[in-house]
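Chemist:
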Amino acid sequence: MKLGNLIISGIVTGSIYASFAACVALWYRVSNILNLAVGDFAMLGALGVDNLVRVHHWKLAPAIAAMLAAVAVGAYVYDRIVLGLAQDGRTRQEGIVVTFFFTFALSFFIEGIAELLYGTDVHAAPAIWSGQSLSLGGGLHVDRAGVLVVAFAAVVGVTLALVLRGTLQGKAIEACGENFFGARIVGIDNRKYRRLLFIVSALLACVFGILESPITGYTYDSGAAISLTGFIAAAFAGFQKPGKAVVAGLGIGIVEALLGGYVSANYADTILYALLAAAVLIRPGAMGLDVVPE
Amino acid sequence: MPKSPPFCAIRDVLAGDNINGAYDGAMARSWAPRADAGAEPVRDGASALAISNLSVTYGRVAAVHDVSFEVAEGDCVALIGPNGNGKSSIVMGIAGLVHRRGRVEIFGRPAPADDVSFMPRHGFTLVPERRQLYPQLSVADNIVLGGFSRTRSLRRARASDAHRQALELFPELSDRMKQKAGTLSGGEQQMVAIARGLAADPRILAVDEPCLGLAETVSRRVYDVLRRIHESGRTLLIVEESPVRALQLATRQVEVRNGVVVRA
Numbered sequence: 001m002k003l004g005n006l007i008i009s010g011i012v013t014g015s016i017y018a019s020f021a022a023c024v025a026l027w028y029r030v031s032n033i034l035n036l037a038v039g040d041f042a043m044l045g046a047l048g049v050d051n052l053v054r055v056h057h058w059k060l061a062p063a064i065a066a067m068l069a070a071v072a073v074g075a076y077v078y079d080r081i082v083l084g085l086a087q088d089g090r091t092r093q094e095g096i097v098v099t100f101f102f103t104f105a106l107s108f109f110i111e112g113i114a115e116l117l118y119g120t121d122v123h124a125a126p127a128i129w130s131g132q133s134l135s136l137g138g139g140l141h142v143d144r145a146g147v148l149v150v151a152f153a154a155v156v157g158v159t160l161a162l163v164l165r166g167t168l169q170g171k172a173i174e175a176c177g178e179n180f181f182g183a184r185i186v187g188i189d190n191r192k193y194r195r196l197l198f199i200v201s202a203l204l205a206c207v208f209g210i211l212e213s214p215i216t217g218y219t220y221d222s223g224a225a226i227s228l229t230g231f232i233a234a235a236f237a238g239f240q241k242p243g244k245a246v247v248a249g250l251g252i253g254i255v256e257a258l259l260g261g262y263v264s265a266n267y268a269d270t271i272l273y274a275l276l277a278a279a280v281l282i283r284p285g286a287m288g289l290d291v292v293p294e
Numbered sequence: 001m002p003k004s005p006p007f008c009a010i011r012d013v014l015a016g017d018n019i020n021g022a023y024d025g026a027m028a029r030s031w032a033p034r035a036d037a038g039a040e041p042v043r044d045g046a047s048a049l050a051i052s053n054l055s056v057t058y059g060r061v062a063a064v065h066d067v068s069f070e071v072a073e074g075d076c077v078a079l080i081g082p083n084g085n086g087k088s089s090i091v092m093g094i095a096g097l098v099h100r101r102g103r104v105e106i107f108g109r110p111a112p113a114d115d116v117s118f119m120p121r122h123g124f125t126l127v128p129e130r131r132q133l134y135p136q137l138s139v140a141d142n143i144v145l146g147g148f149s150r151t152r153s154l155r156r157a158r159a160s161d162a163h164r165q166a167l168e169l170f171p172e173l174s175d176r177m178k179q180k181a182g183t184l185s186g187g188e189q190q191m192v193a194i195a196r197g198l199a200a201d202p203r204i205l206a207v208d209e210p211c212l213g214l215a216e217t218v219s220r221r222v223y224d225v226l227r228r229i230h231e232s233g234r235t236l237l238i239v240e241e242s243p244v245r246a247l248q249l250a251t252r253q254v255e256v257r258n259g260v261v262v263r264a
C-alpha cells in the first residue's frame, strides 16, 4: 500500500518533471539554450494566482487568465530584448555562456521579483478541483490536484507528439534542432519558433504551477529545484529527444518519491546527480555528448 | 535569352550522357517544360534576378564587394571563380542567409535583407554547398520540408505537384524514404538536397558546388538532373569552383575574383 501510494505520488511529480523536461529539450533543439527558468514560471503562476485571489480578492478564473497573460507578455519581452540581442544580430552568439546563463539570469530575476511581491512564506493557488483525495481502492489515494496534473501532462505529451510527428510545423521544429542553417535555407525562421516555444513553455509551466501547488505549496525559490529536475531529465535524454525526456522525467519522479519514502528525502537529489554523472560516464553517446556526423 | 551555339552543341552531346537509362522514362514523363513556366509574368523590364551593389561581410572580413549582375528568366548562369573568392557568399547573400548590403530583386520585387522566407516564397531556392540536410530526419521528411515556404500543411506539401515531381526525378530514393538522411552516401544526399529544393517549386534554383566530394559518375548524374531541370523551364544559377562541367550547361557565366565580379 505504501509502495503504491509512493508510486502514485511519483507519477504526479514525475509528470510535471516530464513535461518540463520535454519543454527544456524541445526549446534547446531550436535555440541551443537551456531553459533554466521554466520552474520559475511555475512558481510565478502559483504565487501570482494565490496573491490575486487571497490578497486582492479576485475570482479564480480571472486571476488565472491574468497570470497567464502576464507570463506570456513577460516571456515575449524577454525573448525580443535579451534573447534577440544574443542570437538575432549579425553574428549569432553560441557557447556555454549563452547556453546556460541567459535563462539562469532570468531565473534569479524572477525569484527576486517574486520575493519582493509575494514574500518568503509558503503559498499555493486555490485548488481548481477541491475536496477529499480520491480513493483508488486497496488503500491507494490520489489528490484531486494530482489527477489534474497527470491529465494535463498527458494532454500536453500527446499534443506535443502529434504536433512533432504529424505536422509540417513540427517537422520544421525538428529541422531547426537538426541544422540551424539548413532550416533557414527552406525558409524556416528559427527565431519565430524559438519565441513561440519559449512562450508556450512558460505558459505550460505556469499552468502546472497553478495545478500542482495545492499539493506541495510554493515559495519564491521553489522554481529553481523544479527547473533543475527538468534539466536533469532532459540531460538523461541528451537534450535531443523530447520523448525520451518525458520517460526520464517520469522515472525521476518515481525514484524521488521512493527514495523519499524508504530512505530520506534529503538524499534524493544527491542520488539523482550521481545517476546523471554515471550516465554521462557510461553512455555519453546517449547523452548527446558525441559528435553528430553530417 | 537565346543559348549561344557552343553551349548548345556541348549540351546536346551531354544529353546522351545519362549514366543510367532507367531514369529517362520517369524524367521524360515528369520533367516536360512546366505548364506554368512564366505564368506569373515578370514585371516590365525586370529580370528574374537583379543584384545591385551586393556586399557581404563576416565581422570585419569583407567577402563580397559591390557585386552587380542580372539573371534573365530561363537562363542558366554559372557563377565561377577560385575557392574562397566569395561565390557562395553571393548566393547566400541573395538568399538572405547572411548579412548583406545592396539590393536584390526577384521578378521585380525587392527582397528584404532579414527575411529568410522571402526568397523561397517568391521562387528562389538554394541547394547549398555540403547539402545542409537534417541528418536524423528521414529522407521523406527532408524533402517535404522543402515545401515549407509554400504551405504549412503537411498533407498539402506531400500532395503538391512539385513534391511529386521532385520524387519522380530521383527514383533511386524511392526505397530509402524512411532512412535517416545522415546515413546516405554523398551522392544520395545531394539528390535529397536537390529534391528538397525542387519541392519548393522554385522558378530559380541556385545550386552551390553540386559535385563537391562526389565521384565522377555521380557528378555526371547530378548534372544530367540539372540539365533536365533547366529544360523544364526553370532558371538555374550554378556555383562552381571547377567550371568545366558548369560551362557545358550554362548559357552565361559570371566570374568572381576576390569578392568582385570580373566578368559578367
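Top to bottom, those sequences are chains A and B. FYI, this note's numbering numbers position 49 of the first sequence as 49, with every residue one higher than the one before it. FYI, this note's numbering numbers position 100 of the second sequence as 100, with every residue one higher than the one before it. By construction, the Cβ of each residue, glycine as well, lies at the ideal position given by its N, Cα and C atoms. Treat the numbers as computed from the prediction; the structure is a model and nothing was measured.
1. Quick one: what's got a C-beta closer than 6 Å to Met92/B's C-beta in the same chain, skipping five residues either side?
2. In chain A, which residues lie with their C-beta within 8 Å of the C-beta of Tyr278/B?
3. Can you tell me where the beta strand (DSSP E) holding His56/A begins and where it ends?
4. What residues in its chain sit with their C-beta under 6 Å from that of Ala297/A, if we drop five residues either side in the sequence?
5. So, for Gly170/A: in the same chain, excluding its five sequence neighbours on each side, which residues have a beta-carbon less than 6 Å away from its beta-carbon?
6. Report the rounded CA-to-CA distance for Phe208/A versus Ile64/A, giving the unit in angstroms.
7. Name the chain B residues whose beta carbon is nearer than 7 Å to that of Gly296/A?
8. Would you call Ala206/B buried or exposed, if buried means 16 or more other Cβ atoms sit within 10 Å of its Cβ?
9. Comparing C-alpha positions only, which one of Ala124/A, Ala105/A, Trp27/A sits nearest to Thr219/A?
10. According to DSSP, is Gly102/B part of a helix, a strand, or is it coil?
11. Just checking, does the stretch 44-61 of chain A make contact with the stretch 200-217 of chain A on the three C-beta pairs under 8 Å criterion?
12. Pull up the CB-CB distance for Asp189/A and Glu111/A, whole angstroms please, since I reckon it's below 8 Å.
13. Residues of the stretch 138-170 of chain A in Cβ contact with chain B at a cutoff of 9 Å, in chain order, please.
14. If you check the beta carbons only, do Gly108/B and Thr235/B fall under 9 Å apart?
15. Classify Leu281/A as buried or exposed, calling it buried when 16 or more other Cβ atoms lie within 10 Å of its own Cβ.
16. Per the DSSP calculation, Pro110/B is bridged to which residue(s)?
17. Starting from the C-beta of Ala22/B, find all residues in its chain whose C-beta is less than 6 Å away, skip the five residues before and the five after it, and write them out in chain order.
18. Would the stretch 238-251 of chain B and the stretch 199-217 of chain B be scored as touching if the rule is three or more Cβ pairs under 8 Å?
19. Nearest by alpha-carbon distance to Asn142/B: which of Leu126/B, Ala199/B, Pro120/B, Glu216/B is it?
20. Would you report the Cα separation of Val262/B and Glu255/B, rounded to the nearest angstrom?
21. Is there a Cβ from chain A that is less than 9 Å from the Cβ of Pro110/B?
22. Just the C-alpha distance for Leu204/A and Ala48/B, rounded to the nearest angstrom, thanks.
23. Hey, which unbroken runs of the beta strand (DSSP E) at 3 residues or more fall wholly within the stretch 134-168 of chain A?
24. Would you decide whether Lys2/A is buried or exposed? Buried here means 16 or more other CB atoms lie within 10 Å of its CB.
25. Candidates Ala278/A, Gly243/A, Ile226/A, Ile81/A: which alpha carbon is nearest Phe41/A's?
26. If Ile271/A and Tyr17/A are in contact, beta carbons under 8 Å, what's the gap, nearest whole angstrom?
27. Got a sec: which bits of the stretch 196-210 of chain B sit with their beta carbon under 8 Å from any beta carbon on chain E, in order along the chain?
28. In terms of residues, what are the limits of the beta strand (DSSP E) holding Ile188/A?
29. Is the beta carbon of Val186/A closer than 9 Å to that of Ala175/A?
30. Measure from the alpha carbon of Val295/A to the alpha carbon of each residue in Gly10/A, Ala66/A, Leu276/A, then state which is nearest.
Modeler: Quick look at the numbers:
1. Here the question's residue 92/B lines up with position 92 in the second sequence. The residues are Val98.
2. Only positions 1 to 264 of chain B appear in the structure, and residue 278/B is not among them; the question remains open.
3. Counting from 1 along the first sequence, the entry for residue 56/A is found at position 56. His56/A -> no beta strand (DSSP E), and no H or E assigned at all.
4. The structure shown does not extend to residue 297/A, since chain A spans only 1 to 294, so no value can be given for it.
5. Stepping through the first sequence from its first residue, residue 170/A is reached at position 170. Excluding positions up to five away in sequence, the list reads Val163, Leu164.
6. Here residue 208/A refers to the residue found at position 208 of the first sequence. Here residue 64/A refers to the residue found at position 64 of the first sequence. Their backbone Cα atoms lie some 12 Å apart in a straight line.
7. Past the boundaries of the shown model lies residue 296/A; chain A is included only from 1 to 294, so the question cannot be answered.
8. The sequence position of residue 206/B within the second sequence is 206, counting from 1. Buried is the call here.
9. The residue given as residue 219/A occupies position 219 in the first sequence. A check of alpha carbon separations from Thr219/A across Ala124/A, Ala105/A, Trp27/A identifies Ala124/A as the nearest.
10. Residue 102/B sits at position 102 when you count from the first residue of the second sequence. Correct three-state label for Gly102/B: strand.
11. yes
12. For this step, residue 189/A is matched to residue 189 along the first sequence. For this step, residue 111/A is matched to residue 111 along the first sequence. Contact flag wrong, Cβ pair sits at about 32 Å.
13. Gly166, Thr167, Leu168, Gln169, Gly170
14. Against the second sequence, residue 108/B aligns to sequence position 108. Against the second sequence, residue 235/B aligns to sequence position 235. Result no, Cβ atoms of Gly108/B and Thr235/B do not sit closer than 9 Å.
15. As a working mapping, residue 281/A is identified with position 281 in the first sequence. Its Cβ having fewer than 16 others within 10 Å, Leu281/A is exposed.
16. What you label residue 110/B is simply residue 110 of the second sequence in a count that begins at 1. For Pro110/B, which the question treats as bridged, DSSP gives the partners Glu105/B.
17. Position 22 of the second sequence, counted from the first residue, corresponds to residue 22/B. Bear in mind that the predicted position of Ala22/B carries a pLDDT of just 35, short of 50, making it unreliable; the figure below should be weighed with that in mind. If we look at Ala22/B and ignore the five residues flanking it on each side, it has no Cβ neighbours.
18. yes
19. Sequence index remark: in the second sequence, residue 142/B carries index 142 (1-based). Minimum Cα distance to Asn142/B is reached at Ala199/B.
20. Taking the first residue of the second sequence as position 1, residue 262/B is located at position 262. Taking the first residue of the second sequence as position 1, residue 255/B is located at position 255. So the two alpha carbons sit approximately 6 Å from each other.
21. In the second sequence, residue 110/B corresponds to position 110, counting from 1. By this cut-off, Pro110/B is not an interface position.
22. Sequence index remark: in the first sequence, residue 204/A carries index 204 (1-based). Sequence index remark: in the second sequence, residue 48/B carries index 48 (1-based). Each residue's alpha carbon lies about 46 Å from the other.
23. 134-137, 140-142
24. Counting from 1 along the first sequence, the entry for residue 2/A is found at position 2. Flag for Lys2/A reads exposed.
25. By one-based count along the first sequence, residue 41/A stands at place 41. Among Ala278/A, Gly243/A, Ile226/A, Ile81/A, the Cα nearest to that of Phe41/A is on Ile226/A.
26. Locating residue 271/A in the first sequence gives position 271, counting from the first residue. Locating residue 17/A in the first sequence gives position 17, counting from the first residue. 15 Å between Cβ atoms; not a contact.
27. Among the protein chains of the structure shown, namely A and B, there is no chain E.
28. Residue 188/A sits at position 188 when you count from the first residue of the first sequence. Where Ile188/A is concerned, there is no enclosing beta strand (DSSP E), given that its DSSP letter is neither H nor E.
29. Within the first sequence, the letter at position 175 stands for residue 175/A. Within the first sequence, the letter at position 186 stands for residue 186/A. With a cutoff of 9 Å on beta-carbon distance, Ala175/A and Val186/A are scored as near each other.
30. Coverage of chain A is limited to positions 1 through 294, which leaves residue 295/A absent and any answer about it impossible.
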